[in-house]
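One structure is given here, and the rest of the page talks about it.
Number of protein chains: 2
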Amino acid sequence: MKKNMAQKTLPCGRPIAVKKAAMTDARLEEYKQMLRNYLSNAKLKWTRQRWAMAKLILKTADHMDAQEIVERVRKVDKNIGVATVYRNIKVLCDAGILSITHQGIDGNSRYEIQEKGHHDHIICLDCNEILEFHDDKMDELQRKTASKMGFQVEDHRNVIHGHCKYLKKKK
Amino acid sequence: MKKNMAQKTLPCGRPIAVKKAAMTDARLEEYKQMLRNYLSNAKLKWTRQRWAMAKLILKTADHMDAQEIVERVRKVDKNIGVATVYRNIKVLCDAGILSITHQGIDGNSRYEIQEKGHHDHIICLDCNEILEFHDDKMDELQRKTASKMGFQVEDHRNVIHGHCKYLKKKK
DNA sequence: ATGAATGCAAAGGTTTTGCACCCCC
DNA sequence: GGGGGTGCAAAACCTTTGCATTCAT
């Protein structure tokens with residue numbers, strides 16, 4: 024049974040949204056160049072470990088905490104040390120490949136690929152799935168509100184916790 | 024020099040907003056009743072330690088992480104064990120007295136008194152101050168957006184990171 | 001060649017757990 | 001009186017740090 028074909032809904036019954044475009048070789052190459060540029064610019068070195076981490080994260084397209092990144096990296100290459108992974112999470116964030124998104128229910132920071140468009144998150148309290156959304160109006164409202172208080176928005180994190188209509192149907 | 028009178032601005036130069044209403048004895052009594060109700064309802068027990076913690080937190084009106092709660096509680100009563108404090112942070116959250124607000128720059132969860140009105144936070148990147156704001160439009164927009172995606176909002180956390188116009192003036 | 005990066009292990013810091021004792025109901 | 005609650009210390013857990021060695025430039 025092919026897993027990809029079998030699962031058409033989330034645990035709560037919600038149809039799975041169109042998946043993000045898969046990481047193509049071309050996009051991977053872009054990121055590779057980006058990392059190269061960042062590293063040489065910052066006078067840091069290109070290493071097997073750094074690219075292995077970046078590649079893994081880019082191909083995973085998921086919301087991982089530091090632990091999960093460590094686990095997955097070491098599953099690919101057991102020789103990469105835990106400390107190296109932690110050290111490079113920071114490097115990849117600075118390089119613009121990774122970004123911290125939000126705090127999970129467990130209280131740990133979650134990371135995801137830094138993509139062009141900003142987006143926020145909805146967490147389904149019924150099945151713990153993390154969904155992404157984007158709303159220009161929301162961004163604008165954030166700017167306005169902040170401005171009224173004398174702030175210029177640098178960044179924002181908005182996480183909605185909600186219950187899912189699909190689950191209700193099942194009850 | 025009376026500290027309360029001397030400091031009229033935040034480090035960045037921002038005038039300090041009107042402070043929240045102090046915790047009155049009457050309000051404290053309300054919370055006490057609330058805690059009593061919750062505990063008896065949940066078949067948990069009223070203890071000296073639990074009320075000491077609640078009281079301290081209610082009087083503090085600040086955004087504390089777990090560490091800070093531990094420190095402050097033990098400053099008031101050195102005999103209260105660390106484990107008890109951690110155990111009761113959870114109890115007080117369930118009781119509706121404490122709530123987790125957001126993740127600080129340091130990555131730790133912050134807690135604050137759970138009050139009737141929901142509010143969000145702006146963190147000043149220049150002086151690290153945490154300010155609160157509330158915007159009905161924002162709440163409504165959150166509901167609408169979630170609804171479009173088939174969710175009913177249970178809760179949301181919205182944190183804006185921004186730079187402060189007051190600091191700019193000083194430059 | 002040289003200094004940054006790595007792997008390992010040890011240390012650090014925070015939170016949880018086990019257990020004997022205590023005390024609220 | 002009994003079961004939850006507590007304090008203490010140990011354990012568990014996650015992350016950082018020190019250091020000898022390796023490796024990229």
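Chains as they are written, first to last, in the working numbering: chain H, 24 to 194; chain Z, 24 to 194.
C-beta: ideal position from N, C-alpha, C; glycine also.
According to DSSP, is residue i part of a helix, a strand, or is it coil?
i, result
"Z/A29", "Residue placement at Z/A29 cannot be trusted, given a pLDDT of 48 that sits under 50; what the coordinates show is reported in the next sentence. It is helical."
"Z/E155", "strand"
"Z/Q137", "coil"
"H/N131", "coil"
"Z/T47", "coil"
"H/D162", "helix"
"H/T168", "helix"
Around the C-beta of residue i, are 16 or more other C-beta atoms found within 10 angstroms, so that it is buried, or is it exposed?
i, result
"H/E135", "buried"
"H/H157", "exposed"
"H/K25", "Residue placement at H/K25 is flagged as unreliable, the pLDDT there being 38, under the threshold of 50; the coordinate-derived value follows with that caveat. Looking at its Cβ environment, which holds fewer than 16 other Cβ atoms inside 10 Å, H/K25 is exposed."
"H/T32", "exposed"
"H/V105", "exposed"
"H/D149", "buried"
"H/R133", "buried"
"H/A77", "buried"
"Z/Q90", "exposed"
"Z/V99", "exposed"
"Z/K193", "Bear in mind that the predicted position of Z/K193 carries a pLDDT of just 48, short of 50, making it too unreliable to give a figure here."
"H/M28", "Confidence in H/M28 is poor, its pLDDT being 45 and thus under 50, which makes the residue's placement unreliable; the coordinate value appears in the next sentence. With fewer than 16 Cβ atoms within 10 Å of its Cβ, H/M28 is classed as exposed."
"H/D143", "buried"
"Z/Y189", "buried"
Check the Cβ of residue i against every Cβ in chain Z and list those closer than 7 Å, keeping chain order.
i, result
"H/D178", "H184"
How would you list, in chain order, the residues of chain Z whose beta-carbon sits under 8 Å from the beta-carbon of residue i?
i, result
"H/Y189", "G173"
Listing by chain order, which chain H residues have their CB less than 8 Å from the CB of residue i?
i, result
"Z/N111", "Going along chain H, no residue has its Cβ under 8 Å from Z/N111, so there is no contact; the nearest lies around 17 Å."
So residue i contacts chain H; which residues on that side make the cut at Cβ distance below 7 Å?
i, result
"Z/N102", "What Z/N102 touches in chain H: nothing, since even the nearest Cβ is about 28 Å away."
In chain order, which beta strand (DSSP E) runs of at least 3 residues are fully inside the region 78-120 of chain Z? The region 78-120 of chain Z contains no whole beta strand (DSSP E) run of 3 or more residues.
Chain H contacts made by the region 143-174 of chain Z, where a contact means CB separation under 8 Å: I145, C147, L148, L154, F156, D158, K160, M161, L164, Q165, T168, A169, M172, G173 and F174
Using a Cβ-Cβ cutoff of 9 Å, what residues of the region 56-72 of chain H are near chain Z? List them in chain order. none
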